[in-house]
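In the numbering used here, the protein residues as written are 41 to 231.
These notes concern the structure reproduced below.
As structure tokens, then:
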């Protein structure tokens, strides 16, 4: 692998920043140059959160432009729809099928789009799963991000042990066991 551009999208509080730290650690363990950048709105209020993770032999900018993402990790399906134009020609998108209504939907000013997953699957390589259900079964609904990282690990072909080591270094000890279980479930998930 020469390079990997990963776009992480979700809603505030879903663990996008922790995910970027784990993926940054993975890149360092592979002796790659890595750049991580976060761009977010009102994350405290459930707003959109976008994080870029780029690694390769030499990375000059952390920003992923339209059509440049090798992988998009989408923690919520509307966020997946919002960023689809960033997916590269041969890119893959991993989507948590969870729906989190944005404020305009909550207050009745907008309607949540229907058939998002089906729409995205029409012209793209999509892996969708109920990561929230898997995380709940592992013991903590906040492990959705780690379930998705497990799927990513399998798709990239990067040595699984490198991901496990990165998770061990970044995740607090009291949450480590449930997160390692969530990673395994994601890694072994079949779409």
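Every residue gets a Cβ at the ideal spot worked out from N, C-alpha and C, and that includes glycine.
Computed from a prediction, not measured in an experiment: that's the story for all the values here.
Assigned secondary structure, residue 96 (DSSP; H/G/I helix, E/B strand, else coil): strand
Residue 99 versus residue 155 - alpha carbon distance: 36 Å
Through-space distance from residue 149 to residue 136, alpha-carbon basis: 25 Å
Within the segment 120-156, ranges of the beta strand (DSSP E) (whole runs, at least 3 residues): 127-136
According to DSSP, residues forming a beta bridge with residue 90: 49, 79
Which residues DSSP lists as bridging residue 181, in chain order: For residue 181, which the question treats as bridged, DSSP gives no partner whatsoever.
Sheet register partners of residue 109 (DSSP bridge): 127
Exposure of residue 151, with buried meaning 16 or more beta-carbon neighbours within 10 Å: exposed
Separation of residue 191 from residue 183, as counted between CA atoms: 13 Å
Residue 48 CB to nearest heavy atom of the ligand FAD below 7 Å: Ligands are entirely absent from the displayed structure, and the ligand FAD is therefore not among its contents.
Cβ pair residue 126, residue 109 closer than 8 Å: yes
Proximity test, Cβ basis, 8 Å: residue 49 and chain C: Going by chain labels, chain C is absent from the structure shown, which holds only one protein chain.
Candidates 79, 78, 63, of which the one nearest residue 72 by Cα: 63
C-alpha gap between residue 199 and residue 218, whole angstroms: 21 Å
Opening and closing residue of the beta strand (DSSP E) in which residue 168 lies: 165-169
Cross-strand partners of residue 160 (DSSP beta bridge): DSSP, once it has assigned bridges, lists no residue as partnering residue 160.
Residue 69 beta carbon less than 8 Å from that of residue 205: yes
Alpha-carbon to alpha-carbon, residue 158 and residue 111: 18 Å
For residue 116, the first and last residue of its enclosing alpha helix (DSSP H): Looking at the DSSP string, residue 116 is not in any alpha helix (DSSP H), and its letter there is neither H nor E.
N-terminal and C-terminal residue of the alpha helix (DSSP H) that residue 71 is part of: It is not in any alpha helix (DSSP H) - residue 71 carries neither H nor E in the DSSP assignment.
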